[in-house]
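When we follow the numbering used here, the leftmost residue of the sequence shown carries the number -19, and every step to the right adds one. All C-beta atoms in this analysis are idealised placements derived from N, C-alpha and C, irrespective of residue type, glycine included.
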Amino acid sequence: MPPFGFLTNHGLALLCIAEDPEIRMRDIAANVQITERAAQRIVADLVDAGYLDRQRVGRRNRYTIQASLPISLPAKRDIDLNSLLNVLLPTASSGQRKHALSTATPAA
-19 MPPFGFLTNH
-9 GLALLCIAED
1 PEIRMRDIAA
11 NVQITERAAQ
21 RIVADLVDAG
31 YLDRQRVGRR
41 NRYTIQASLP
51 ISLPAKRDID
61 LNSLLNVLLP
71 TASSGQRKHA
81 LSTATPAA
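Structure, rendered in structure tokens:
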């Protein structure tokens, strides 16, 4: 049986961004074990779908995750992205995460 993963590359890239909102594309690519071009396409997909906001800060990008958006699971329509990230990301010793999530409802 071939190996399988529980998270897609999109999900893994989103976790990388959640842990470091100023992460570079090459670091996303290295962490997810994909090419830098594939990482760029994935981030563009997440921005286009509204899950990420991208802001240029100097020569870098800063990402904000729109955590209040529902995740796309056919059997579970009532789960938002914040609920998933709360399960998957560790917290610091203070109980707070280092990443910046927006839990405000995005404007339509």
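Test item: CB-CB of residue i and residue j under 9 angstroms
| i | j | result |
| --- | --- | --- |
| Leu97 | Ala(-7) | The chain is shown only over -19 to 88; residue 97 falls outside these bounds and no answer can be derived. |
| Leu32 | Ile45 | yes |
Close beta carbons around residue i, own chain, < 6 angstroms, minus the five adjacent residues each side
| i | result |
| --- | --- |
| Asp25 | none |
| His(-10) | Ile22 |
Spatial neighbours of residue i in its chain, beta-carbon cut-off 8 angstroms, leaving aside the 5 residues before and after
| i | result |
| --- | --- |
| Cys(-4) | Ile3, Asp7, Ile8, Asn11 and Val12 |
| Met5 | Glu16, Ala19, Gln20 and Val23 |
| Arg40 | Glu2 and Arg4 |
| Val37 | Glu2 |
Neighbourhood of residue i by C-beta distance below 7 angstroms, restricted to the same chain and skipping five residues each side
| i | result |
| --- | --- |
| Leu68 | Leu(-5) |
Nearest to residue i (by Cα), restricted to the options the options
| i | options | result |
| --- | --- | --- |
| Arg42 | Thr(-12), Phe(-14), Pro1 and Gly(-15) | Pro1 |
| Gly30 | Pro(-17), Ser63, Ser48 and Leu(-13) | Ser48 |
| Pro50 | Asn62, Arg36 and Phe(-16) | Asn62 |
Supposed close pair residue i, residue j - CB separation, criterion 8 angstroms
| i | j | result |
| --- | --- | --- |
| Arg17 | Val27 | So it is not a contact: roughly 16 angstroms between Cβ atoms. |
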